[in-house]
Amino acid sequence: MSEVISQKYSSSAPSNQSFIDAIGPIWKTKFPEDWGISAGGSAYFDVDDRVQWAEDTGHCNFEGSKILELGPFEGYNTYQLAQKNPEKLVALEGNNINFLKTLVVKEMLNINAEIQHGDFLSYLNTTEDKFDIVWASGVLYHQTEPLQFLDALSKVTDKIFFWTHAWGEIVMSNPEQYPHFDPMSDEVREFDGRNIKHYYRSYLFKSDIPKQFSGGSSPFAMWLKKEEIYKVLEDRGFKIIKKSESDSHAAGPTISFLAYR
Ligand SMILES: C[S@@+](CC[C@H](N)C(=O)[O-])C[C@H]1O[C@@H](n2cnc3c(N)ncnc32)[C@H](O)[C@@H]1O
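And the structure:
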């Protein structure tokens with residue numbers, strides 16, 4: 093941590109920028125132009141349409157709901173979800189820097205949310221909390237136990253939004269474009285009485301965790317085929333409304349959908 097955040101004093105009056113600068117120049121998010129903040133280069137706050145899409149399905153009424161957000165990273169979906177006036181919004185983040193970034197964003201924007209620091213499965217496997225909606229965007233493909241993760245989610249909620257990568261043949265057809273995959277380390281694991289293939293994807297760290305990291309807690313993750321993801325959820329009674337499926341993402345195929353029952 094000392095490598096990323098070193099002690100320093102602000103020389104300016106308090107401002108949005110001084111909040112952001114407290115973390116250092118390691119932001120990925122580009123905040124909306126009229127907020128007057130210099131941070132990263134990727135726009136989400138005013139561009140990300142996933143929260144609105146989920147609401148527009150008619151199956152995801154955020155207002156007055158209890159929401160669990162997994163992996164807020166830099167708090168942009170936290171901000172969007174809070175704007176829908178939920179009864180309760182809990183955002184759980186396992187990476188210490190991303191936890192602090194989300195806390196800064198919460199305080200800077202006066203977001204009504206509980207920001208928690210901890211690991212998804214450790215929490216899901218022990219909690220008695222239940223949620224109306226779980227926001228699971230950008231997290232499934234960072235897990236080493238994705239099936240346990242899906243099963244644990246199905247015990248705390250009846251509604252889950254997912255955006256995730258899924259393994260697809262395109263990954264094998266072009267190994268130079270997808271060097272993170274290592275077929276020798278793939279595993280077949282038994283789950284629900286079936287043998288389900290898990291595809292090994294390394295983060296390819298040279299040494300330390302990179303700055304701006306938004307991946308999982310292990311040096312690798314296990315990816316699933318999209319058909320397996322849908323099936324495991326459907327076997328637990330969920331119906332699927334698809335937002336998108338794409339092979340064109342540079343990091344591998346993506347799917348985005350709402351699962352509800
Ligand atoms: C790719 S980002 C997703 C950001 C945002 N939700 C989105 O969809 O754009 C994944 C986030 O989940 C966190 N994360 C991944 N695995 C986790 C785990 N097992 N427990 C807690 N946090 C985790 C990462 O630190 C990161 O902030």
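Numbering (our numbering), first residue to last: 93 to 353.
Ideal Cβ positions, reconstructed from N, Cα and C, are used throughout, including at glycine.
If you drop the 5 nearest sequence neighbours on each side, which residues of the same chain put their C-beta closer than 7 Å to that of S157? Correct list, in chain order: P178, E179, D224, I225.
Helix, strand or coil, according to DSSP, for R286 in the structure here? Three-state DSSP puts R286 in a strand.
Are the beta-carbon atoms of K61 and I115 separated by less than 7 Å? Since the first and last residues shown for the chain are 93 and 353, residue 61 lies out of range.
Could you compute how far the alpha carbon of G307 sits from the alpha carbon of H234? Using only the alpha carbons, I get a separation of about 6 Å.
Helix, strand or coil for A351 per DSSP? The three-state reading of DSSP puts A351 in strand, counting E and B together.
How about F154: is its Cβ closer than 6 Å to a heavy atom in ligand 1? Distance from the C-beta of F154 to the nearest heavy atom of ligand 1 is not below 6 Å.
With DSSP run on the structure shown, which of helix, strand or coil describes R403? Residue 403 lies beyond the stretch modelled for the chain, which goes from 93 to 353, so this question has no answer here.
Could you work out which residue in R293, L245, R286 is closest to D278 when comparing CA atoms only? Minimum Cα distance to D278 is reached at R293.
Looking at E161: is its Cβ nearer than 7 Å to the Cβ of W227? In this structure, E161 lies near W227, with their beta-carbon atoms less than 7 Å apart.
Report the three-state DSSP secondary structure of T219 (helix, strand or coil). Secondary structure of T219 (DSSP, three-state): coil.
Please confirm whether any heavy atom of ligand 2 lies closer than 6 Å to the CB of N217. The model on display carries ligand 1 but not ligand 2.
Length of the line joining the Cα atoms of K176 and E155: Each residue's Cα considered, the two are about 5 Å apart.
Runs of beta strand (DSSP E) wholly within the region 122-182 (minimum 3 residues, chain order): The qualifying runs are 158-162.
Neighbourhood of F273 by C-beta, 6 Å cutoff - its chain only, sequence neighbours within 5 removed: So the qualifying residues of the chain are V263, R293.
Using 8 Å as the cut-off, can you tell me whether the region 304-318 makes contact with the region 229-245, which would need three or more C-beta pairs spanning the two stretches below that distance? Segments in contact, yes.
With a threshold of 6 Å on Cβ separation, who are the neighbours of P98 within its own chain once the five nearest residues in sequence on each side are excluded? The sequence as given places Ser at residue 98; Pro does not occur at that position. Nothing listed; no residue qualifies.
For N188, verify whether its CB is less than 6 Å away from any heavy atom of ligand 1. Flag unset: Cβ of N188 not near ligand 1.
Any heavy atom of ligand 1 inside 6 Å of the beta-carbon of G230? Taking 6 Å as the cut-off, one finds at least one heavy atom of ligand 1 near enough to the beta carbon of G230.
If you reduce the DSSP assignment to three classes, tell me which class E279 lands in. Of the three classes helix, strand and coil, the one that applies to E279 here is strand, per DSSP.
Proximity test, D367 beta-carbon vs ligand 1 heavy atom, cut-off 6 Å: Because the chain here runs from 93 to 353, residue 367 falls outside it and cannot be looked at.
Going by beta-carbon coordinates alone, are K334 and F349 separated by less than 7 Å? Here K334 is near F349, since their CB atoms are less than 7 Å apart.
Rounded to the nearest angstrom, what separates G132 and Q208 at their Cα positions? Across the structure, G132 and Q208 are spaced so that their CA atoms are roughly 23 Å apart.
Along the chain, where does the alpha helix (DSSP H) containing K193 start, and where does it finish? Start and end: 188-201.
For N190, which residues in the same chain have their Cβ closer than 6 Å to its Cβ, ignoring the five residues on either side in sequence? So the qualifying residues of the chain are F165.
Quick one: give me the first and last residue of the alpha helix (DSSP H) that F241 is part of. Segment 238-246, the alpha helix (DSSP H) holding F241.
Coarse secondary structure for I118, derived from DSSP in three states: Coil, per DSSP.
Below 8 Å on the Cβ atoms is my guess for L296 versus L242; work out the distance and round it to an integer in Å. Incorrect: roughly 25 Å between the Cβ atoms, too far for contact.
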